[in-house]
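Shown next, in structure tokens, is the structure this report addresses.
2 protein chains.
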Amino acid sequence: MEERLRIALAQINPTVGDLKGNVEKIINFTMQAKELKADIITFPELAICGYPPEDLLLKKQFVKDDLEALNSLIEKISDILVIVGFVDRDREGNLYNAAALIHEGKLKGISHKIELPNYGVFDEKRYFKGGDKPFVFALGRIVLGVNICEDIWVKGGVTKYQADRGAGLIMNISASPYHSGKVALREKMLKQRAEETNAYICYNNLVGGQDELVFDGGSIILDPKGKRIVTGKQFEEDLVVADLPIIVKNKLKTRVRREYCIKSDKLKEAKKPDLPKRYCKKLDRINEIYNALVLGTRDYVRKSGFKKVVIGLSGGIDSSLTAVIASDAIGCENVIGISMPSRYSSQETRSDSKTLAGNLGIRFIVVPMDSIFNVYLMLLEKEFLGFERDVTEENIQARIRGNILMAFSNKFGWLVLTTGNKSETSVGYCTLYGDMAGGFAVIKDVPKTLVYELARFRNEREKRKLIPQTILDREPSAELKQEQKDVDSLPPYSVLDPILKGYVEEDKSLEQIVARKFNSEIVKNIIHMVDRNEYKRRQAPPGIKITPKAFGKDRRLPITNRYREF
Amino acid sequence: MEERLRIALAQINPTVGDLKGNVEKIINFTMQAKELKADIITFPELAICGYPPEDLLLKKQFVKDDLEALNSLIEKISDILVIVGFVDRDREGNLYNAAALIHEGKLKGISHKIELPNYGVFDEKRYFKGGDKPFVFALGRIVLGVNICEDIWVKGGVTKYQADRGAGLIMNISASPYHSGKVALREKMLKQRAEETNAYICYNNLVGGQDELVFDGGSIILDPKGKRIVTGKQFEEDLVVADLPIIVKNKLKTRVRREYCIKSDKLKEAKKPDLPKRYCKKLDRINEIYNALVLGTRDYVRKSGFKKVVIGLSGGIDSSLTAVIASDAIGCENVIGISMPSRYSSQETRSDSKTLAGNLGIRFIVVPMDSIFNVYLMLLEKEFLGFERDVTEENIQARIRGNILMAFSNKFGWLVLTTGNKSETSVGYCTLYGDMAGGFAVIKDVPKTLVYELARFRNEREKRKLIPQTILDREPSAELKQEQKDVDSLPPYSVLDPILKGYVEEDKSLEQIVARKFNSEIVKNIIHMVDRNEYKRRQAPPGIKITPKAFGKDRRLPITNRYREF
Numbered sequence: 004m005e006e007r008l009r010i011a012l013a014q015i016n017p018t019v020g021d022l023k024g025n026v027e028k029i030i031n032f033t034m035q036a037k038e039l040k041a042d043i044i045t046f047p048e049l050a051i052c053g054y055p056p057e058d059l060l061l062k063k064q065f066v067k068d069d070l071e072a073l074n075s076l077i078e079k080i081s082d083i084l085v086i087v088g089f090v091d092r093d094r095e096g097n098l099y100n101a102a103a104l105i106h107e108g109k110l111k112g113i114s115h116k117i118e119l120p121n122y123g124v125f126d127e128k129r130y131f132k133g134g135d136k137p138f139v140f141a142l143g144r145i146v147l148g149v150n151i152c153e154d155i156w157v158k159g160g161v162t163k164y165q166a167d168r169g170a171g172l173i174m175n176i177s178a179s180p181y182h183s184g185k186v187a188l189r190e191k192m193l194k195q196r197a198e199e200t201n202a203y204i205c206y207n208n209l210v211g212g213q214d215e216l217v218f219d220g221g222s223i224i225l226d227p228k229g230k231r232i233v234t235g236k237q238f239e240e241d242l243v244v245a246d247l248p249i250i251v252k253n254k255l256k257t258r259v260r261r262e263y264c265i266k267s268d269k270l271k272e273a274k275k276p277d278l279p280k281r282y283c284k285k286l287d288r289i290n291e292i293y294n295a296l297v298l299g300t301r302d303y304v305r306k307s308g309f310k311k312v313v314i315g316l317s318g319g320i321d322s323s324l325t326a327v328i329a330s331d332a333i334g335c336e337n338v339i340g341i342s343m344p345s346r347y348s349s350q351e352t353r354s355d356s357k358t359l360a361g362n363l364g365i366r367f368i369v370v371p372m373d374s375i376f377n378v379y380l381m382l383l384e385k386e387f388l389g390f391e392r393d394v395t396e397e398n399i400q401a402r403i404r405g406n407i408l409m410a411f412s413n414k415f416g417w418l419v420l421t422t423g424n425k426s427e428t429s430v431g432y433c434t435l436y437g438d439m440a441g442g443f444a445v446i447k448d449v450p451k452t453l454v455y456e457l458a459r460f461r462n463e464r465e466k467r468k469l470i471p472q473t474i475l476d477r478e479p480s481a482e483l484k485q486e487q488k489d490v491d492s493l494p495p496y497s498v499l500d501p502i503l504k505g506y507v508e509e510d511k512s513l514e515q516i517v518a519r520k521f522n523s524e525i526v527k528n529i530i531h532m533v534d535r536n537e538y539k540r541r542q543a544p545p546g547i548k549i550t551p552k553a554f555g556k557d558r559r560l561p562i563t564n565r566y567r568e569f
Numbered sequence: 004m005e006e007r008l009r010i011a012l013a014q015i016n017p018t019v020g021d022l023k024g025n026v027e028k029i030i031n032f033t034m035q036a037k038e039l040k041a042d043i044i045t046f047p048e049l050a051i052c053g054y055p056p057e058d059l060l061l062k063k064q065f066v067k068d069d070l071e072a073l074n075s076l077i078e079k080i081s082d083i084l085v086i087v088g089f090v091d092r093d094r095e096g097n098l099y100n101a102a103a104l105i106h107e108g109k110l111k112g113i114s115h116k117i118e119l120p121n122y123g124v125f126d127e128k129r130y131f132k133g134g135d136k137p138f139v140f141a142l143g144r145i146v147l148g149v150n151i152c153e154d155i156w157v158k159g160g161v162t163k164y165q166a167d168r169g170a171g172l173i174m175n176i177s178a179s180p181y182h183s184g185k186v187a188l189r190e191k192m193l194k195q196r197a198e199e200t201n202a203y204i205c206y207n208n209l210v211g212g213q214d215e216l217v218f219d220g221g222s223i224i225l226d227p228k229g230k231r232i233v234t235g236k237q238f239e240e241d242l243v244v245a246d247l248p249i250i251v252k253n254k255l256k257t258r259v260r261r262e263y264c265i266k267s268d269k270l271k272e273a274k275k276p277d278l279p280k281r282y283c284k285k286l287d288r289i290n291e292i293y294n295a296l297v298l299g300t301r302d303y304v305r306k307s308g309f310k311k312v313v314i315g316l317s318g319g320i321d322s323s324l325t326a327v328i329a330s331d332a333i334g335c336e337n338v339i340g341i342s343m344p345s346r347y348s349s350q351e352t353r354s355d356s357k358t359l360a361g362n363l364g365i366r367f368i369v370v371p372m373d374s375i376f377n378v379y380l381m382l383l384e385k386e387f388l389g390f391e392r393d394v395t396e397e398n399i400q401a402r403i404r405g406n407i408l409m410a411f412s413n414k415f416g417w418l419v420l421t422t423g424n425k426s427e428t429s430v431g432y433c434t435l436y437g438d439m440a441g442g443f444a445v446i447k448d449v450p451k452t453l454v455y456e457l458a459r460f461r462n463e464r465e466k467r468k469l470i471p472q473t474i475l476d477r478e479p480s481a482e483l484k485q486e487q488k489d490v491d492s493l494p495p496y497s498v499l500d501p502i503l504k505g506y507v508e509e510d511k512s513l514e515q516i517v518a519r520k521f522n523s524e525i526v527k528n529i530i531h532m533v534d535r536n537e538y539k540r541r542q543a544p545p546g547i548k549i550t551p552k553a554f555g556k557d558r559r560l561p562i563t564n565r566y567r568e569f
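Top to bottom, those sequences are chains A and B. Each residue of the first sequence is one higher than the last, beginning at 4 in the working numbering. Each residue of the second sequence is one higher than the last, beginning at 4 in the working numbering.
The following block contains the structure:
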């Protein structure tokens, strides 16, 4: 026999700690789902408090407040089954990453996350105890399994257990952070899980930016053969609804505990409105990365309570791309570009940054900084007598610029966005308290070669040269001394970037990287630079993770470290 | 029947990643123990690679190199049983925090750590798999249990299991980080463990600084009644040796596996040299904290390859104490003080910083910074027209000073030590890229009230006013505007510090803190300041943990965080 179930996945963008705002959002989406006469609506992992709450979880008051927020939600729910992520606590004070089943103003059951990720950016074993048994319940004669994020990634694990106990439908609520390539990985995994269990898979992923992380949404419902029924938007909130025809048996398996049986006579009766056709085309690689950067930037600015951002525009590709992303994220009227030319700034870069600002329609301020630099040189002349000019004087300039940007930030409440890319952050080709000064590092995880790809992509989408062609064509330079070029200090980015990928993202050894046909001396030199500059990265602002391994929580190396492979 | 065992605990200070250097140190201490005819020598947890190696463990080459270092050690060992910490790896690639038993050029057994700490500063579940069975072995007819750090902290756990299987002697190798109060906590726990098991407890703790952590040594041997037999020095390397009379039974319990029986006919024969009398008086609270700060600073400087440090001397108590600690850590000839007075610097603070430098015998440089500040003001006048002077202009000054200090650092290779204390770091009474600019924050975890205690302590120890009395007496001021005093922006430190302790270190709620008899509005205001300044701390340099909860790895809060208790 077949029953038709209307399932809604609310792919929402909560804010960490905003319990009240998040509950309002949950109620709002629940109302929408009720209008569509959905039988069940799910919300992402830890939707009530936002993900990841990190050490807020160590505050007892926070957990108490989260539970109270859940209770305030429960009493407002009727005529629909809600599955929502929250922080559960047992009598001994252990915490669980949990999903609440709410029905007719009552908490009908709780599913605890069993598989706790404690790698990469995840620290879940720092906070949570793992659940002891996969959760299965019955809605009328339909048996469902509810599990949480990592639970569904394990082959033959929680999901299989639930299907073995009769679940024809698996509801997974997730907060799965984005990196390039993750979408395909996730869909492949979900397809395997469907095939393995012969159950419908309803995968609800969080959306939104939180510090270093972007959650990309793209919730998905698969049929028991692993075929996609519907997918949610990427990088946007969405309510993903589908009707699932489910074969039910006359008798429930005995393993489903009686208390988790929810009566549901309405299932067949309700006449339901037609669902709008929906078609979500998956974004291609570059578009996807670009959208991640835009969402990550927008949410950091917005959720931290800023309205405007300020960017130092050098006329180079990094600051140009950052300004374009910022304009897309929060509107050109909220972006200010400041050019701070020195004696080493060419006429070209000066005029290019102005052109860019004009193309974007952002406010443009010029603060020449040579006069300040001169006083520094004078003041330090005596102490530095007999020493050659070196990187010191370059850094002084970069730090003067940092000070100017921060002055605008302090005076007007603008957030400073830094413009360093992953290539230079890796090898330390950047100045602490100089170009690294700022609250958020938009392209910190974007290698230089990808910076160019993104810039070209964005120009093409605009169908005009948003970023002037001269910026795209010019050889990269920090313009901190006469005739300076990046290639004076670094190998070409086409060589540097794949070496960094091997060393930083894949933890490959010298030997393994050289085996990919790179010059051994160059690789050694780069490894040395990466290792030596850990202290700079420790003081860098957070930035958006878009690769499998970003700097930050993802990569935790000691600063004091004498390990050398060679 | 009784047998006499001579046990040596080598409380060493390895450097993370310096596999070769650490092995040399291990061999060196082993030689010393052999001269004393010790039967067993132990080394701390992960002594071969240093602790904590963090994400170095994710590099396969690193684990391979660590195992090779162990092998190079094994072949050099004879006539003594060595127990040393290393990283073990199984065929599936799982890693274990392990202790190797080495005897006569052979690896005789491996003990895996079972209890993996994953709280506070610890992330061991990120890297290691827990061992499945406590390790017991026999040396002659003496049964010993070997366990690792956290293993011994659990009541009725690994240690009890080992004693139940006949171990009359528990060898624990640890890397237990220091905080004030930890020594008493540790000894109390060890005493309980001895009483619980009726076994000798030989507790070998690491010593040395590693980034934010200081390991304080203080290794200890307790008899089966929990009475102290001998203790190692605090904050110094030491070889702690004692003779233990152990009652042995004629038959070994069957549970001790045959392969872990080491023949030892020599035990009774060897005529052993007398042990020197040793008496380690435990340091009192302030002395202990001071020593932790000195060791933490010395090891950060030394292990990171610096020779000299530079400190901005303001004539205030924080920079004065920092300069004193630095001088004690690496010698006054390696410390440079730079005074950077402005129009707001009083004659008193100017002369006090000079006096301090003279008292310490450190090099003293004066760089007046007003001329630079003037150019900034001129340059920004137009843009800031119509806006009042505010914290912006204060921060510009602080950042000019940061730039000057960093210029000296870049030009001469000196490490900049920052001088911010925990009180101001908590509430954000400090300038990013200004006074927060530097490589290492010596007193970052020291509340202001404790800064005064430490300064007085050090003056008393010197039996003269090392830090001028006027510095101790003067009301704290940042001197960034006319007549500025800390109390204009903050409550008195005697009120601020206990509130911060409740909120930052103990995760107490508003209600709980107010219940300690503090004004509710003041507490709210402080909580708000702490929450709002998370972004500053994220970009702060590392500093030495001396409290139960320091900023850094110990306290991981989201920056984007809308949680407000009230």
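Just so you know, even glycine gets a beta-carbon here, dropped at the ideal spot from N, CA and C. These figures come from a predicted structure and were not determined experimentally.
Just checking: is the beta-carbon of PRO561/B within a distance shorter than 7 Å of some beta-carbon in chain D?
Going by chain labels, chain D is absent from the structure shown, which instead holds the protein chains A and B.
Contacts that ASN413/B makes with chain A (C-beta to C-beta distance below 7 Å):
VAL394, THR395, ASN398
What's the call for LYS306/A, buried or exposed, on a 16-neighbour Cβ count within 10 Å?
buried
Quick one: complete beta strand (DSSP E) runs, 3+ long, within the stretch 293-338 of chain A?
312-315
Could you check what DSSP says for ILE86/B in three-state terms: helix, strand or coil?
strand
Listed by chain order, chain A residues near VAL19/B by CB distance under 8 Å
PRO561, THR563, ASN564, ARG565, TYR566
Is it true that the stretch 426-437 of chain B meets the stretch 529-547 of chain B, where meeting means three or more beta-carbon pairs spaced less than 8 Å apart?
yes
Taking 7 Å as the threshold (beta carbon to beta carbon), is ASN337/A in contact with chain B?
no
Select from the stretch 506-521 of chain A all residues with a C-beta closer than 9 Å to any C-beta belonging to chain B, and list them in chain order.
ASP510, LYS511, SER512, LEU513, GLU514, GLN515
Would GLY405/B pass as an interface residue toward chain A - the criterion being a Cβ-Cβ separation below 7 Å?
yes
Would you call the stretch 510-530 of chain A and the stretch 463-471 of chain A touching, i.e. three or more CB-CB distances under 8 Å?
no
Which whole-angstrom value describes the C-beta separation of LEU420/B and VAL449/B, a residue pair presumed to lie in contact below a C-beta threshold of 8 Å?
LEU420/B to VAL449/B, Cβ: 13 Å. No contact.
Excluding sequence positions up to five away, which residues of its chain have a Cβ less than 8 Å from the Cβ of ASP68/A?
LEU22
Please identify the residue among ALA295/B, PHE443/B, PRO137/B whose C-alpha is closest to the C-alpha of TYR538/A.
PHE443/B
What's the gap between the Cα of ILE474/B and the Cα of VAL313/B?
20 Å
Quick check on PHE460/B: does DSSP put it in helix, strand or coil?
helix
Across which residues does DSSP place SER177/B in a beta bridge pair?
ASN208/B
Can you tell me which residues form a DSSP beta bridge with GLY96/A?
Answer is none; GLY96/A lacks a bridge partner.
Does the distance from the CB of ILE320/A to the CB of VAL454/A come in under 7 Å?
yes
Flag this pair as touching only if the stretch 547-566 of chain A and the stretch 222-234 of chain B have three or more C-beta atom pairs under 8 Å; answer yes or no.
no
Could you give the first and the last residue of the continuous alpha helix (DSSP H) run that contains ASP476/B?
472-476
Counting Cβ pairs, one atom from each stretch, are 3 or more of them under 8 Å apart for the stretch 383-392 of chain A and the stretch 355-366 of chain A?
no
Range covered by the alpha helix (DSSP H) that runs through GLY24/B:
22-38
Comparing C-alpha positions only, which one of ILE105/A, GLU351/A, GLN165/A, ILE43/A sits nearest to THR200/A?
GLN165/A
Run down chain B in chain order and give the residues with a C-beta less than 9 Å from the C-beta of LEU73/A.
The contacting residues do not exist; LEU73/A stays about 15 Å from chain B at best.
Residue from LEU104/B, SER374/B, LYS62/B with nearest C-alpha to ILE399/B:
SER374/B
PHE138/B and VAL149/B - do their beta-carbons sit closer together than 7 Å?
yes
According to DSSP, is PRO248/A helix, strand or coil?
strand
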